[in-house]
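These protein sequences, in sequence, are chains A and B. Position in the first sequence (first residue = 1) + 1 = the numbering used here. Position in the second sequence (first residue = 1) + 1 = the numbering used here.
Number of protein chains: 2
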Amino acid sequence: MAKQISELKLGILGGGQLGRMLIQQAINYNVTTLVLDPDPDAPCKHISNYFENGSITDFDTVYNFGKKADIITIEIEKVNIEALEQLEKEGKKVFPQSRVIRLIQDKGVQKQFFKENDIPTSPFQIVNTKEDMENCNIPFPYILKLRKDGYDGKGVMKINSAADLDKAFDAPCIVEKLVDFEKEVAVIVARNANGDVKTFPMVEMEFNPEANLVEFLISPSTFAESLQQKAENIAKNIASAMNITGILAVEMFVCRDGELLVNEVAPRPHNSGHQTIEGNYVSQFEQHLRSIYNLPLGNTGSITNAIMINLLGEKGFDGVAKYENLEKVLSIDGIYVHLYGKKYTKPFRKMGHVTIVDIDREKAIEKARFVQKTLKVIA
Amino acid sequence: MAKQISELKLGILGGGQLGRMLIQQAINYNVTTLVLDPDPDAPCKHISNYFENGSITDFDTVYNFGKKADIITIEIEKVNIEALEQLEKEGKKVFPQSRVIRLIQDKGVQKQFFKENDIPTSPFQIVNTKEDMENCNIPFPYILKLRKDGYDGKGVMKINSAADLDKAFDAPCIVEKLVDFEKEVAVIVARNANGDVKTFPMVEMEFNPEANLVEFLISPSTFAESLQQKAENIAKNIASAMNITGILAVEMFVCRDGELLVNEVAPRPHNSGHQTIEGNYVSQFEQHLRSIYNLPLGNTGSITNAIMINLLGEKGFDGVAKYENLEKVLSIDGIYVHLYGKKYTKPFRKMGHVTIVDIDREKAIEKARFVQKTLKVIA
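Structure follows, in structure tokens:
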């Protein structure tokens, strides 16, 4: 008999909400979980078999942590790649593979990869200086993105004209053509070591314009089946081209002309897949586990309409988090609250999410809007 | 604003699979969980905020543990009641209440309670000696049950004739009339401190005749709606008569004449409700939390057909558990594996369960039979 799941310890770099939801699933398979996080009170702290408080970007810390595990995965891309490469050399399984994380850590390399693999994406140019920006071939207004370390809407700005260049990032960036899109959508794809590939149905997203965070997500999408199929195929193509083991979230723009352009990818459980916990036969977290343990991939089909709302810290509140009107929200049918175990709130901090399900799509939306304006994270 | 869930620490007496699944749910509400269990490697050990290895039947241990919590609940009835009474006196919330646990700990008192509250149950007689048994009014063959400490089929025997009395339990027992039943069914009912009461749909059970454990459970039942309604009303009546806060599993016999007779009740999450995790809008674990934190009760409706199979340790195997054919089982759609984190298996030990869902009931049964004969817990 092959090695049992329970015999292969899982090391997770990052102990935030994504790790937390992954562990909630891993409990069902008796997985021994080891977590490394720089926050001594990280959301995974009390639910993992072993928690280490330390840097995920320091070579020695990551390397020594990784030695304790059999399979190493991530819940955030900003990790020490060299340590992961060394661990791979020594026979540890790192999923997603270090080369995939390296590729994705750098938005310039990521864009280049799309181009080389015929993955549709918006025109772009790599820039290193303000001079490069002034002289680039992309017309104003455009989007400027830091090549590295951007996340959750940070590291992205719109440059309307040369006058804006004063406040532009002073670091290696990519300039992207501004896309006139109708909707942002996402497809999560999973690939196990056997090379089996499965996508979740496409979902639609709405962003908080102020925080540039996903605020509202609806699954499944109501775009034409043909467009959804195209989006799923793009996701599969990326996963195959990358030879990734694990899950990959692919964010895309649906342009006004119906074209699909890949915006960004993330090689891990993603905010655009939280609704799969209740809305789909298998969740993104279960699917990620199945991928990295090389198990058969699960049925990604939608069970019903599912809407996901991020619970962001309210503006104006800093301190020990309180969840206002939780009872009101729980009195509605089909509401699933997921709090992330973060003691302190601050404006726009991701404190939890709520999934709302209903067989009637309009009712689901109505309930979601109610939750959105009712449940508040204050201090 | 009232006290937040996250401000009220939950103490759980018992750290087995029921506590484990309760905690998996409690994580979503940022509940701080404290667990007391005599097994230093109990299934809850690594997923609780605080784990204490100690006796749940010792006054001092339970009392001192309970002092650390705000709300105390149980996952097994055999706990020290006096300590819980003392904790209640000192203002701790104990749900289910100590008097409910006391009532249920003794099958004689439980039966008496049913009788006094017009809850239909089989005729019975309380016996203390073999002489009592010989002279009792219930004709052979009958069922003999220990009044205390029976669980999972232990503490129950069939007495066919006076000749069997030699091997009868030598302790206070109840003699129950043998019921000629068609099926064993169960209804889980929840009641919060506000007095709101909700039942889950009735489920049908099949028992392993050798181990006398639930082996196969199907939800929802296909008995006539009127019978199901009657079963739900019986469950509600018991919960209200007991004034219980928390959930209560009510096991009943459907007799060949269509009559319903209550067999036993358990004031906690129960094996007959595991399929609610995937099969119903709200799970028994979530509902128990909502009850004891006095939150609105959730929608108990069935989402689809759900079948639950207990994964019992195979006969002939003792040692470190291995799960044979897990991959084969995971290649089927709609399979949810829940392993309980127990390192060692032994014959008939509850090692996990699998829930199988399918919108086609016959297909669900077919898949469940396949899982039952395929997935084995060996050593």
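Note that CB positions come from ideal geometry on N, CA and C, so glycine has one too. Note that the structure is predicted; figures quoted are calculated from it, not measured.
Report the neighbours of Q25(A) on chain B: residues whose CB is nearer than 7 Å to its CB, in chain order.
Q25 and I28
Anticipated Cβ contact below 8 Å, L179(A) with P210(A), distance rounded:
L179(A) to P210(A), Cβ: 15 Å. No contact.
Straight-line Cα distance separating Q285(A) from I105(A):
19 Å
Taking all protein chains shown into account, decide if A164(A) is buried (16 or more other Cβ within 10 angstroms of its Cβ) or exposed.
exposed
Residue(s) in a DSSP beta bridge with Y143(B):
I160(B) and K178(B)
Within the stretch 245-289 of chain B, note down every full beta strand (DSSP E) run reaching 3 residues or more, in order along the chain.
247-256 and 261-267
If you drop the 5 nearest sequence neighbours on each side, which residues of the same chain put their C-beta closer than 8 Å to that of D319(B)?
Y345, T346, K347, P348 and A380
Span separating the alpha-carbon of S332(A) from that of G317(B):
49 Å
Apart from the five residues just before and just after N300(B), which ones in its own chain have a Cβ nearer than 6 Å to its Cβ?
For N300(B), the CB contacts under 6 Å within the same chain, skipping 5 residues up- and downstream, are Y282 and V283 in chain order.
For A194(B), I'd like the list of residues in its chain whose CB is within less than 7 Å of its CB, leaving aside the five on either flank, ordered along the chain.
T246 and N295
For S227(A), report the span of its alpha helix (DSSP H) as first-last.
E226 to M243
Does chain B have any CB closer than 8 Å to the CB of Y324(A)?
yes
Please list, in chain order, all residues of the same chain as N129(A) whose beta carbon is under 6 Å from its beta carbon, the five residues on each side excluded.
P173
Counting pairs of beta carbons, one from the stretch 10-27 of chain A and one from the stretch 72-86 of chain A, are three or more of them closer than 8 Å?
yes
In this structure, does DSSP put V101(A) in helix, strand or coil?
helix
Length at least 3, wholly inside the stretch 297-335 of chain A: the beta strand (DSSP E) runs in chain order:
306-313 and 323-325
Can you tell me whether V355(B) is helix, strand or coil according to DSSP?
strand
Going by alpha carbons, who is nearest to S303(A) out of H271(A), M203(A), A250(A) and R291(A)?
M203(A)
Can you look up T74(A) in the DSSP assignment and give me helix, strand or coil?
strand
For the stretch 87-105 of chain A and the stretch 143-152 of chain A, state whether three or more C-beta atom pairs, one from each stretch, are separated by less than 8 Å.
No, the stretch 87-105 of chain A does not touch the stretch 143-152 of chain A.
Exposed or buried, which one is K368(B) when buried takes at least 16 other CB atoms within 10 Å?
buried
Less than 8 Å between CB atoms is the rule here; does H289(A) satisfy it with respect to chain B?
Answer no: the Cβ-Cβ gap between H289(A) and chain B never drops below 8 Å.
Would you please verify whether the beta carbon of N50(A) is less than 8 Å from any beta carbon of chain B?
yes
Measuring CB to CB, does E185(B) end up less than 8 Å from F254(B)?
In contact: E185(B) and F254(B) (Cβ atoms closer than 8 Å).
Note down, in chain order, every chain B residue with its Cβ under 7 Å from the Cβ of Y143(A).
In chain order: nothing, as chain B lies at least about 41 Å away.
Consider the Cβ of E328(A): report whether some Cβ of chain B lies at a distance smaller than 8 Å.
Look at E328(A): its C-beta is under 8 Å from a C-beta on chain B.
Please classify Y294(A): does DSSP put it in a helix, a strand, or coil?
coil
Check the C-beta distance from I310(B) over to V355(B) and give it rounded, since I have them as a contact under 8 Å.
Rounded to the nearest angstrom, the Cβ distance from I310(B) to V355(B) is 5 Å, consistent with a contact under 8 Å.
To be precise: take each residue of the stretch 332-343 of chain B, compare its Cβ to all Cβ atoms of chain A, and keep it if any distance is under 9 Å. Which residues remain?
S332, I333, D334, G335, I336, Y337, V338, H339, L340, Y341, G342 and K343
Once you ignore the five residues that flank V110(A) on each side, which residues in its own chain have a CB closer than 6 Å to its CB?
L104
In whole angstroms, what separates the C-alpha of V188(B) from that of F52(A)?
For V188(B) and F52(A), the distance between alpha carbons rounds to 40 Å.
Going by the beta-carbon positions, is the gap between I57(A) and L14(A) smaller than 8 Å?
Contact flag set, yes.
Measure the beta-carbon distance from V372(B) to V330(B) and round it to whole angstroms, keeping in mind my assumption that it falls under 8 Å.
That belief holds up - the Cβ atoms of V372(B) and V330(B) are roughly 5 Å apart, short of 8 Å.
Measuring alpha carbon to alpha carbon, tell me which residue in N161(B), F170(B) and V321(B) is nearest K149(B).
F170(B)
For the stretch 32-44 of chain B, which residues have a CB atom closer than 7 Å to at least one CB atom of chain A, in sequence order?
none
Are the beta-carbon atoms belonging to K90(B) and D71(B) less than 8 Å from one another?
Contact check for K90(B) against D71(B) fails: the beta carbons are separated by 8 Å or more.
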